[in-house]
Each structure stands twice: as structure tokens, then as C-alpha cells.
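> The structure is given below, and queries will be raised subsequently.
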Amino acid sequence: MRHFLNLFDVASADIEQIFAFTKTLKTELAAGIRRPLLAGRMLAMVFEKPSLRTRVSFTTGMTHLGGASEYLGQEAGWGKRESVADFSGVLSEMVDVIVCRAKDHRRVEELAANASCPVINGLTDLYHPCQALADLYTLQEHVANLNQASMAYIGDANNVAGSLAVACAKMGVRLSIASPEGYTFSDEFREKLRQASPDFQLLETADPQEAVQNADAVYTDVWASMGQEAEQAERAQAFANYQLNAELMRHAPDNAIVLHCLPARRGEEISDEVIDGPQSAVIQQAGNRLHAQKGLLVWLLNAMPA
Ligand code: CP
Ligand code: NVA
63 MRHFLNLFDV ASADIEQIFA FTKTLKTELA AGIRRPLLAG RMLAMVFEKP SLRTRVSFTT
123 GMTHLGGASE YLGQEAGWGK RESVADFSGV LSEMVDVIVC RAKDHRRVEE LAANASCPVI
183 NGLTDLYHPC QALADLYTLQ EHVANLNQAS MAYIGDANNV AGSLAVACAK MGVRLSIASP
243 EGYTFSDEFR EKLRQASPDF QLLETADPQE AVQNADAVYT DVWASMGQEA EQAERAQAFA
303 NYQLNAELMR HAPDNAIVLH CLPARRGEEI SDEVIDGPQS AVIQQAGNRL HAQKGLLVWL
363 LNAMPA
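Have a look at this one:
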């Protein structure tokens, strides 16, 4: 049983194939073609946290592909109304694929361990692999060759940064990440990255200006993620010099694009001027969530005709 829980488990060739399917489906959609590759298939979304992009991209993606989807919020009672094992076993008898957004990554792993259908991680405290697919797909639309490209990430070394790093490592993209002390990758994560991709070119610095030099894309995310609201004030202080603003963008190449997974807290991690500016690709990036989700579903369910 193949799941999609984090990108460490996905080969570079598989990511390339997902991107190829994504491109085909995006091009077809632009021409008004919606092939029913998942006709009769059902997707369930088990979400413990709010979502706009992830939820709607999977819902719309399934509709475009001729399938259907069902959103299950907290009231479904996963692990409360009944055990995780019973919940997963029953749900996966009835649907073809599950997307799970959980507070704790171990919950998604537990769901997958008890499921008889593929499980996709729709964001946890540790990873956001669906986001990273759309991020690198967006970068690929901007550069000639991913394996000669450079990404800069400014801010918290969080779930989004973690999956971005694994995706960059797998696809040969150099990554420079600027984070304040205390908000960097853990040693355990660095070691996993090193073991998975020994040649990965990763620069970790405390200096945002150093990170953005030579970047093809400059990326940021919120300073306090969902579930970290109580740390908001403390984090705002720690990240005060890490705003992605026009002054910082002056240190990046003129043709660098600006990325943000969204939702953004404008005026905190990113200025209005930059997120609304000519280099911003955040709407294209969010739109690519739809196309990448469709590529992922078709890949995971082996639904693309040869
Ligand atoms: N970027 C992202 O995952 O957005 P949502 O939280 O709205 O799904
Ligand atoms: N790091 C953010 C990403 C939201 C898509 C969070 O976890 O809240």
C-alpha cells in the first residue's frame, strides 16, 4: 500500500512523474478538457485544523477527475467517538483515498497504518508535502532547470520549510534558509536530510540578506503556525528582522519570484508591497495546489493511462 505522508518516502523519479501528470492535467484543463480518470472514486478528508487551499483543491480536483469527495471535520469523532483503528479500517473500506490534516504527525501515521487505502498527509506539525509539490512545480514553471535552481526561505523552519527542504533535496534545488536562533531545523531532521540526499546543497544562516542572494524564488510562511497562537507575541519579537519586504528583495535577483504557501499575515512575515508586487507568484502557486493535487491523486491511484 503506497501512502503519501512525507517526501522522504517518495523517489525523485516519482516526483518527476507527478509533475508530468500535473502539467498534462493543467494544460488539458486550460483547453477545457476534464478527463474522468477517477470516475466513481471517492476521497475523504479528515481534518483537525482549518483549511482553504488544501480542502478546496482536493474537492475540485476530484470533481474535475470525475470522482467525488467528502469532508469530515472534528465531529466525525476520529479517535474520540471510536478508536483510530476502527475509524481508519471502516473509512478505508468505503473510500478510495484519504487526505488527513492532523495536529500531530503521528496521528496521520496511525491512520495510514490502519487504512486499507492510500493516505495523503494534508499538513501536520512536521510536514506539508502537498504544499511542497505545488511549490517546486511553481518554481519549475519559472526556471529552465530545477536542478540548477536556488530557493531561499526566510522565517520559521516549520512544517512548510521541512517539506520544502526535502523536495529541494530530492529535485536538486539549492536551498538557503534564514531563521533566527531557536527556530531552525532540528539536528534529527538535518541528519535525515543528509542521509536521504548526501549531495543536497543546504545553507542555513541567521542572515536573510545572505539567504536571498542568487535565489530564483524567495519564500516565507507565517511566524506562528496553527496551534502556536499562544506564542504569537514571542515569535513576533524573534522574527522581527525576518520580514520579506522590499528592502530584503533588493538583495535578491531582479527576476526572483516571491512565494508564500498562504494564508499570510500581511505586515508580519511579508509586506503588502511584496506580496502584491510584480515579483509575487503566490496566486499562481496557490492555483498550482489544484493541479499538483490532481497529479498526485492520479499517480497515487495509478489512474493515468500509459
Ligand atoms: N497552504 C495551505 O495549505 O493552505 P490551507 O491551510 O488553506 O489549506
Ligand atoms: N505553517 C503553517 C502553514 C499553513 C498552510 C501552519 O502550519 O499553520
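Count along the sequence shown from 1, then add 62; that gives the number in the working numbering.
Cβ atoms here follow ideal geometry from the backbone N, Cα and C, with glycine treated the same way.
1) As a quick exercise: from Glu266, Arg103 and Arg236, pick the residue whose alpha carbon is nearest that of glycine 429.
2) Taking only heavy atoms of ligand 2 into account, decide whether any of them is closer than 7 Å to the Cβ of cysteine 192.
3) Which residue or residues does DSSP assign as beta-bridge partners of isoleucine 216?
4) Using the Cα positions of leucine 306 and valine 344, report the straight-line distance between them to the nearest angstrom.
5) Applying the 10 Å Cβ sphere with the 16-neighbour rule, what's the burial state of valine 181?
6) With DSSP as the reference, label arginine 252 as helix, strand or coil.
7) Nearest-angstrom Cα distance between phenylalanine 247 and histidine 126?
8) Buried or exposed, going by whether 16 or more other CB atoms sit within 10 Å of the CB of threonine 282?
9) Measuring alpha carbon to alpha carbon, tell me which of Asn317, Ser225, Ser113 and Glu266 ends up nearest alanine 277.
10) State buried or exposed for threonine 89, treating a residue as buried only when at least 16 other CB atoms are found within 10 Å of its CB.
11) Determine the direct distance from the alpha carbon of alanine 206 to that of glycine 401, and round the result to whole angstroms.
12) At a cut-off of 7 Å, is cysteine 323 close to ligand 1 when judged by its beta-carbon and the heavy atoms of the ligand?
13) For arginine 168, does the three-state DSSP call read helix, strand or coil?
14) Tell me whether the beta-carbon of proline 260 lies closer than 8 Å to the beta-carbon of tyrosine 304.
15) When burial is assigned at 16 or more other CB atoms within 10 Å of the CB, is isoleucine 107 buried or exposed?
16) Per DSSP, which one or two residues make a beta bridge with cysteine 162?
17) So, for leucine 208: in the same chain, excluding its five sequence neighbours on each side, which residues have a beta-carbon less than 7 Å away from its beta-carbon?
18) Does DSSP put histidine 370 in a helix, in a strand, or in coil?
19) Tell me whether the beta-carbon of glutamate 110 lies closer than 8 Å to the beta-carbon of glutamine 136.
20) How about serine 225 and alanine 258: do their beta carbons lie closer than 8 Å?
21) For leucine 352 and leucine 114, what's the separation of their Cα atoms in angstroms?
22) Drop a sphere of 10 angstroms on the beta-carbon of aspartate 166, count the other beta-carbons inside from all chains shown, and report buried for 16 or more, exposed for fewer.
23) Starting from the C-beta of alanine 219, find all residues in its chain whose C-beta is less than 7 Å away, skip the five residues before and the five after it, and write them out in chain order.
24) For the alpha helix (DSSP H) that contains glutamate 291, what are its first and last residues?
25) Quick check on DSSP: helix, strand or coil for alanine 82?
26) Compute the distance between the beta-carbons of phenylalanine 379 and valine 360, then report whether it is under 8 Å.
Quick answer:
1) Nothing about residue 429 can be read from this structure; the chain reaches only from 63 to 368.
2) Not under cutoff, so the answer is no.
3) Ala240 and Thr282
4) Across the structure, leucine 306 and valine 344 are spaced so that their CA atoms are roughly 13 Å apart.
5) buried
6) helix
7) 38 Å
8) buried
9) Asn317
10) exposed
11) Nothing about residue 401 can be read from this structure; the chain reaches only from 63 to 368.
12) yes
13) helix
14) no
15) Checking the sequence shown, residue 107 turns out to be methionine, not isoleucine. With 16 or more other Cβ atoms within 10 Å, it is buried.
16) Val108 and Asn183
17) Leu198, Leu201, Gln202, Met233, Gly234 and Val235
18) Here the chain comprises residues numbered 63 to 368, so residue 370 is not present and cannot be evaluated.
19) yes
20) no
21) Roughly 12 Å separates the two Cα atoms.
22) exposed
23) Excluding its 5 nearest sequence neighbours in each direction, alanine 219 has C-beta neighbours in its own chain below 7 Å: Ile239, Ser241, Tyr245, Thr246 and Phe247, listed in chain order.
24) Careful: glutamate 291 lies outside any alpha helix (DSSP H) and carries neither H nor E.
25) helix
26) Since the first residue shown for the chain is 63 and the last is 368, residue 379 is missing from the structure and cannot be characterised.
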